[in-house]
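Taken in sequence, the protein lines are chains A and B. Quick note on numbering: the first sequence equals residues 1 to 116 in the numbering used here. Quick note on numbering: the second sequence equals residues 1001 to 1112 in the numbering used here. Encoded as structure tokens, the structure appears first; notes follow it.
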Amino acid sequence: DVKVTQSSRYLVKRTGEKVFLECVQDMDHENMFWYRQDPGLGLRLIYFSYDVKMKEKGDIPEGYSVSREKKERFSLILESASTNQTSMYLCASSFATFRTDNYGYTFGSGTRLTVV
Amino acid sequence: DQQVKQNSPSLSVQEGRISILNCDYTNSMFDYFLWYKKYPAEGPTFLISISSIKDKNEDGRFTVFLNKSAKHLSLHIVPSQPGDSAVYFCAPRYSGTYKYIFGTGTRLKVLA
């Protein structure tokens, strides 16, 4: 069964801490994405990567960075966690090429991060 | 600027009745429209899609309708079941790309 695995389901961190969220996929997908989900705001794109060592800013990149050293792994980094970064974080992956049998992204189960 | 709007944040429906979830968009450059379903503490999962060249796609209890002139799509669930209770996101795709835009979601509650 194909999977996108996020390393933690729940995390509690203190304000100012550096936080790493890890995501691994086993589908040989080129593209990987980080979203956050907040009530009333839906899913908002933070960063995405279309190749190893490549990254692009999404709609809300401020306060975040990413790392993609291997094709299967995409890490989200909160440089100095703040309370407004308390959220559900979702990792996703997809093929790069245009496909007509389109199933979009495969998502991980999410990480619920609380910053206190 | 919200390109994809789901104007109903929540919806309650009696078991066995029809659920209709709506989605409006502003960009004419979308070529595929997907619906995702999300349970609490889980990632979204793909439900059904429709190409921009069609106006209807059906898969079991789920039917998606697309009205391109009105830039509107809807998801119909018939009959609704308690297990359908979840948040539903519409997600159009920019033409020829891998980039999707997600709506704000509608929380559906199916009452037994």
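We treat Cβ as the ideally placed atom computed from N, Cα and C, and that holds for glycine.
Selected residue, minimal CA-CA separation from residue i, among the options
{"i": "residue 1053(B)", "options": "1016(B), 1065(B), 1043(B), 1047(B)", "result": "1065(B)"}
{"i": "residue 1082(B)", "options": "1039(B), 1024(B), 1091(B)", "result": "1039(B)"}
{"i": "residue 43(A)", "options": "1098(B), 1096(B), 1103(B), 1012(B)", "result": "1103(B)"}
{"i": "residue 23(A)", "options": "115(A), 116(A), 89(A)", "result": "89(A)"}
{"i": "residue 93(A)", "options": "39(A), 116(A), 26(A)", "result": "26(A)"}
{"i": "residue 1061(B)", "options": "1048(B), 1071(B), 1055(B)", "result": "1048(B)"}
{"i": "residue 1072(B)", "options": "1015(B), 1019(B), 1025(B)", "result": "1025(B)"}
{"i": "residue 1079(B)", "options": "1018(B), 1012(B), 1013(B)", "result": "1018(B)"}
{"i": "residue 1059(B)", "options": "1110(B), 1046(B), 1099(B)", "result": "1046(B)"}
{"i": "residue 1030(B)", "options": "1105(B), 1098(B), 1092(B)", "result": "1092(B)"}
{"i": "residue 1099(B)", "options": "59(A), 17(A), 18(A)", "result": "59(A)"}
{"i": "residue 1084(B)", "options": "1096(B), 1106(B), 1068(B), 1094(B)", "result": "1106(B)"}
{"i": "residue 150(A)", "options": "16(A), 18(A), 8(A), 33(A)", "result": "Residue 150(A) is absent from the structure shown; chain A starts at 1 and stops at 116."}
9 Å Cβ cutoff met for residue i and residue j
{"i": "residue 87(A)", "j": "residue 45(A)", "result": "no"}
{"i": "residue 1108(B)", "j": "residue 1010(B)", "result": "yes"}
{"i": "residue 109(A)", "j": "residue 1041(B)", "result": "yes"}
{"i": "residue 1088(B)", "j": "residue 1002(B)", "result": "no"}
{"i": "residue 10(A)", "j": "residue 1044(B)", "result": "no"}
{"i": "residue 1101(B)", "j": "residue 1027(B)", "result": "yes"}
{"i": "residue 3(A)", "j": "residue 116(A)", "result": "no"}
{"i": "residue 1012(B)", "j": "residue 1021(B)", "result": "no"}
{"i": "residue 28(A)", "j": "residue 71(A)", "result": "yes"}
{"i": "residue 1037(B)", "j": "residue 1070(B)", "result": "no"}
Same chain, Cβ closer than 8 Å to residue i, neighbours up to 5 away in sequence not counted
{"i": "residue 63(A)", "result": "78, 79, 80, 82, 85"}
{"i": "residue 40(A)", "result": "none"}
{"i": "residue 1015(B)", "result": "1079, 1080, 1081, 1082, 1110, 1111, 1112"}
Residues of its chain near residue i, where Cβ-Cβ distance is below 7 Å and the 5 sequence neighbours each way are ignored
{"i": "residue 96(A)", "result": "30, 31, 50"}
{"i": "residue 65(A)", "result": "77, 79"}
Same chain, Cβ closer than 6 Å to residue i, five either side skipped, listed in chain order
{"i": "residue 1050(B)", "result": "1033, 1057, 1064, 1066"}
{"i": "residue 56(A)", "result": "48"}
{"i": "residue 73(A)", "result": "24"}
{"i": "residue 21(A)", "result": "76, 89, 111"}
{"i": "residue 7(A)", "result": "22"}
Any C-beta of chain C under 9 Å from that of residue i
{"i": "residue 87(A)", "result": "Looking at the structure shown, chain C is missing, and the protein chains on hand are A and B."}
Next on the checklist: Please identify, using Cβ separations under 7 Å, the residues of the region 54 to 84 of chain A that lie next to chain B, in order along the chain.
Outcome noted: none
Checklist entry - According to a CB-to-CB cut-off of less than 9 Å, which residues of the region 1044 to 1063 of chain B neighbour chain A? => result Hits within the stretch, in order: 1044, 1045, 1046, 1049, 1051.
Next on the checklist: Using a Cβ-Cβ cutoff of 7 Å, what residues of the region 1014 to 1040 of chain B are near chain A? List them in chain order.
Outcome noted: 1032, 1034
Next on the checklist: Which residues of the region 1085 to 1098 of chain B have a Cβ closer than 8 Å to any Cβ of chain A? Give them in chain order.
Outcome noted: 1089, 1091, 1093, 1096, 1097, 1098
Next on the checklist: At a CB distance below 7 Å, what residues from the region 30 to 42 of chain A approach chain B? Give them in sequence order.
Outcome noted: 31, 40, 41, 42
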